[in-house]
Amino acid sequence: MEEKVIVCKDLTKQFGDFYAVDKISFDVSKGEIFGFLGANGAGKTTAMRILCGLSYPSSGEATVAGFSVRNQQESIKKNIGYMSQKFSLYENLSILENIEFFGGVYGVSRKDIRERSDKLIQDMGLQKEAKKMVGSLPLGWKQKLAFSVSIFHRPKIVFLDEPTGGVDPVTRRQFWDMIYDASASGITIFVTTHYMDEAEYCNRISVMVDGKMEALDSPANLKKRYATDSMDEVFYKLARGARRSGD
Amino acid sequence: MKELLVFIKKEFKHVFRDPRTLLIMFGLPVAQIVLFGFALTSEVKNIDILIADNSKDMISTQITDKIKASRYFIIQEKNIGGTDIDRAFKRGGVQSVLIFPANFSNDLSHEGKAQVQIIADGTDPNTAKTIVNYLTAIIGAYQQEKFPTASLRYQILTEPRMLYNEEDNGSMNFIPGVMALILMLVCTALTSVSIVKEKELGTMEILLVSPFKPVMVLVSKAVPYFILSLINFTLILLLSVFLLHIDIKGSILLLYMESALFILTCLSLGLMISNATNAQQTALLISMMGMMLPTIIFTGFIFPLENMPWVLRTISNIVPSKWYFLIIKSVMLKGLGLQYVWKETLILMVMTAVLLTIAIKKFKIRLQ
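Residue numbers (numbering that gives the first Met the number 0), protein chains in the order written: chain C, 0 to 246; chain G, 0 to 367.
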């Protein structure tokens, strides 16, 4: 039996009589790349905030890395990484300083920070830029760097909220290579995206419509089920029925 | 604890790498001190006066010389009549006119009294009064000196003293006010902006997802600005002593303690503002514009609070800088100890506690 790092059972978030997340249930295995799809306003962000320990569920239960989202949020936070659609490193700190800062915030020891950052900078070929301000880097590099920082403290799971928004196709491809590497090293990837080609890269994808999880399977199976050869078509068929839109 | 230090170090880097922050932090105080200290004194100098001496005798000439010697006046001498005086005021260039009548000296020697007329531009009543006072004083002094024995049988001599400010140093009252204003603006604005900036950048989200405690985010934002504000305070103090020649009468330690307290009040206010908004510009607008005017008006260092209607006076009580101003004035200029300012100190403490509680509460709510 594969180790389950995220277990979700009837997870619900209610604002008044509005169900942002409506009884969703799913599991994610260790090392899996799990695509979390849905139109804007479908409830992806709300669900993700609960799983990251930023918000309490109204009902239902979920565990992340074995800890409950109801009362063990602090333990969850120690075991996850997070990267959002907004670029989120400090522009007026250098690459090294950003790494040191976020490593420090996660309590990584000074020795580990030094060793890992040396390796990271070498792997990314950033030796010359290490002391440059992050603000002066091109967007693609920034996003790759932000991803590296989000897994710098070796989390069990990393949540990526539309990580490749506004990035060119070549860099996106490189970005996904990094995601594969992370997955191969045992980090579970939980990623939301609007790019259907990226959805194809995932092991399994789920599609949320109006707060409910309407589909959950591998991209190949989903295409088979909806009798089409493109993920675009699958998404369109599912999301067409949505009554909610916008954020 | 180690995480906190990492965070504080980062905040310092932000400040020292942002020229705009540095400018607000250290440029603003210098500019304000220089402005308030030199440009905005309540003293009236370089008064344009027209002396119409219709008598041209020894006494009127001597009085004119005394006025010249006083270095407050720029004198034009002309013989003009009633309608010309009116025209001179209307044309501008004249703030007051002193008229010696034709028979001035005669009246004085034969009747024992004579009259001079002082006319001042009443559209600016404060300046007009000051000018009239200056002239009366100069003429009075001349009279004392010239006829020491010819005084009235019963004479009451007033002997004015400007207590705590014997030299009538105009910048004295401004310094505590400027201190309050600068600390209020700098602490509040910079703190609120620095937090809101993280929200705008999206780094706040990352911090909230990290195991770093949200309250610690507030603490690590407050600590650097607290230290920088104390440095700022020192800078203002040095400028006032060495540039404006203010004599600090009270205990320096007490001054620092009270200022530290006021800085905390301002920081809490800044933290509270940062919770209420998501855009740097809004935060800056609220803390700069929204705080500037009440601080200037209700602190009492430009407009005396005593003369305000009770509604405004009541409002002034909730402006923290008013209390800080009172404390600093008492300690710095009068040399009073804590036993005289404990009430104001207590008020500031309560304000800080309330603001800080709201700030922390609101910050937590945001996480849900």
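In this text, a Cβ means the ideal position worked out from N, Cα and C, and glycines have one as well.
I'd like to check one pair, residue 354(G) with residue 219(G): are the Cβ atoms closer than 7 Å? It is not a contact, given that the beta carbons lie outside the stated cut-off.
Q. How should residue 367(G) be labelled, buried or exposed, when 16 other C-beta atoms within 10 angstroms of its C-beta is the threshold for buried?
A. Residue placement at residue 367(G) is poorly supported in this model, since its pLDDT is 45, which falls under 50; the coordinates still yield a value, given next. Residue environment: residue 367(G) is assigned as exposed (fewer than 16 neighbouring CB atoms within 10 Å of its CB, all protein chains considered).
Practice item. Please report how far the alpha carbon of residue 219(C) lies from the alpha carbon of residue 109(C), in whole angstroms. Key: When rounded, the distance between both Cα atoms is 45 Å.
Exercise. At a Cβ threshold of 7 Å, is residue 85(C) touching chain G?
Worked result: Closer than 7 Å to some Cβ of chain G, the Cβ of residue 85(C) qualifies, so yes.
Looking at C-beta atoms only, is the number of pairs between the segment 23–30 of chain G and the segment 61–80 of chain G that lie closer than 8 Å three or more? Pairwise C-beta distances place the segment 23–30 of chain G out of contact with the segment 61–80 of chain G, as fewer than three of them are shorter than 8 Å.
- Item | Bridge partner(s) assigned by DSSP for residue 113(G) | Per DSSP, none; premise fails for residue 113(G).
Problem - Local Cβ density within 10 Å of residue 16(C), reported as buried at 16 or more and exposed below that - result: Residue environment analysis places residue 16(C) among the exposed positions, since fewer than 16 neighbouring C-beta atoms fall within 10 angstroms of its C-beta.
Worksheet entry | residue 190(G) vs residue 224(G) beta-carbon contact at 7 Å | Result yes, Cβ atoms of residue 190(G) and residue 224(G) sit closer than 7 Å.
* Confirm, please, whether the CB-CB distance from residue 315(G) to residue 297(G) is below 7 Å. => Yes, the Cβ-Cβ distance between residue 297(G) and residue 315(G) is below 7 Å.
Would you mind telling me which residues of chain G sit closer than 8 Å to residue 65(C), beta carbon to beta carbon, in chain order? Per Cβ cutoff of 8 Å: no residues; residue 65(C) is ~16 Å from chain G at best.
- Terminal residues of the continuous beta strand (DSSP E) containing residue 7(C)? Here the beta strand (DSSP E) through residue 7(C) covers 3–14.
In chain C, which residues lie less than 9 Å from residue 17(G) when you measure between Cβ atoms?
Here the neighbours are 91.
Answer yes or no: do residue 41(C) and residue 207(C) have a C-beta to C-beta separation smaller than 7 Å?
Residue 207(C) is positioned such that its CB atom lies closer than 7 Å to that of residue 41(C).
Could you tell me the alpha carbon to alpha carbon distance between residue 290(G) and residue 184(G), rounded to whole angstroms?
Here the alpha carbons of residue 184(G) and residue 290(G) stand approximately 7 Å from one another.
Item to complete: List the DSSP bridge partners of residue 72(G).
Response: Checking the DSSP bridge columns, you'll see residue 72(G) partnered with 46(G).
**Neighbour-count burial assignment, residue 19(G), 16 or more Cβ in a 10 Å radius** = The residue is exposed, with fewer than 16 neighbouring Cβ atoms inside 10 Å.
**Asked** Closest by CA to residue 333(G), which one among 357(G), 272(G), 273(G) and 245(G)?
**Response** Ranking 357(G), 272(G), 273(G) and 245(G) by Cα distance to residue 333(G) puts 245(G) first.
Please tell me whether residue 205(G) has its Cβ less than 7 Å away from any Cβ of chain C.
Proximity of residue 205(G) to chain C, defined by a Cβ-Cβ separation below 7 Å, is satisfied.
query: So, is the C-beta of residue 18(C) closer than 7 Å to a C-beta in chain G?
result: At a cut-off of 7 Å, the C-beta of residue 18(C) has no neighbouring C-beta in chain G.
Subject >> Beta-carbon separation (whole angstroms), residue 87(C) vs residue 129(C), contact threshold 8 Å >> reply: Not really, about 19 Å apart at Cβ, beyond 8 Å.
Fill in: residue 200(G): contacting residues in chain B (beta-carbon distance under 9 Å)
No chain B appears in this structure, whose protein chains are C and G.
**Request:** Could you tell me whether any Cβ in chain G is nearer than 7 Å to the Cβ of residue 166(C)?
**Result:** Answer no: the Cβ-Cβ gap between residue 166(C) and chain G never drops below 7 Å.
query: Cα-Cα, which of 209(C), 215(C) and 198(C) is closest to residue 230(C)?
result: When each option's Cα is compared against that of residue 230(C), the closest is 198(C).
Q. From the beta carbon of residue 210(G), is the nearest beta carbon of chain C less than 7 Å away?
A. Residue 210(G) counts as touching chain C.
Three-state class that DSSP yields for residue 209(C) in the structure shown = In the displayed model, residue 209(C) falls within coil according to three-state DSSP, outside both helix and strand.
* Taking Cβ to Cβ, would you say residue 51(C) is nearer than 7 Å to residue 349(G)? -> Against a cut-off of 7 Å, the Cβ pair of residue 349(G) and residue 51(C) comes out as no contact.
Nearest to residue 345(G) (by Cα), restricted to the options 119(G), 137(G) and 323(G): Among 119(G), 137(G) and 323(G), the Cα nearest to that of residue 345(G) is on 323(G).
With DSSP run on the structure shown, which of helix, strand or coil describes residue 160(C)?
-> Residue state, collapsed to three classes: strand.
Review point. Are the beta-carbon atoms of residue 330(G) and residue 253(G) separated by less than 7 Å?
Key: Contact: yes.
- Please state whether DSSP places residue 90(G) in a helix, a strand or coil. Secondary structure of residue 90(G) (DSSP, three-state): helix.
Could you name the residues of the same chain whose beta carbon sits closer than 7 Å to that of residue 359(G), not counting the 5 residues immediately before and after it, in chain order?
Leaving aside the five residues that flank residue 359(G) on each side, the residues in its chain whose CB is nearer than 7 Å to its CB run, in chain order, 214 and 217.
Since residue 79(C) meets chain G, which of its residues come closer than 8 Å, beta carbon to beta carbon? The contacting residues are 208.
- [ ] Pick out whichever of 153(C), 217(C) and 67(C) has its Cα sitting closest to the Cα of residue 107(C).
- [x] That would be 153(C), whose Cα lies nearest to the Cα of residue 107(C).
Practice task
Look up residue 226(C) in the DSSP assignment and say whether it is helix, strand or coil.
Solution key: The DSSP-derived three-state label of residue 226(C) is coil.
- Note down, in chain order, each residue of its chain lying with its Cβ closer than 6 Å to the Cβ of residue 12(G), except the 5 sequence neighbours on either side. The answer is none, since no qualifying residue turns up.
>> Out of 115(G), 279(G), 134(G) and 144(G), which one is the CA nearest neighbour of residue 193(G)?
In response: Nearest to residue 193(G) by alpha-carbon distance, out of 115(G), 279(G), 134(G) and 144(G), is 279(G).
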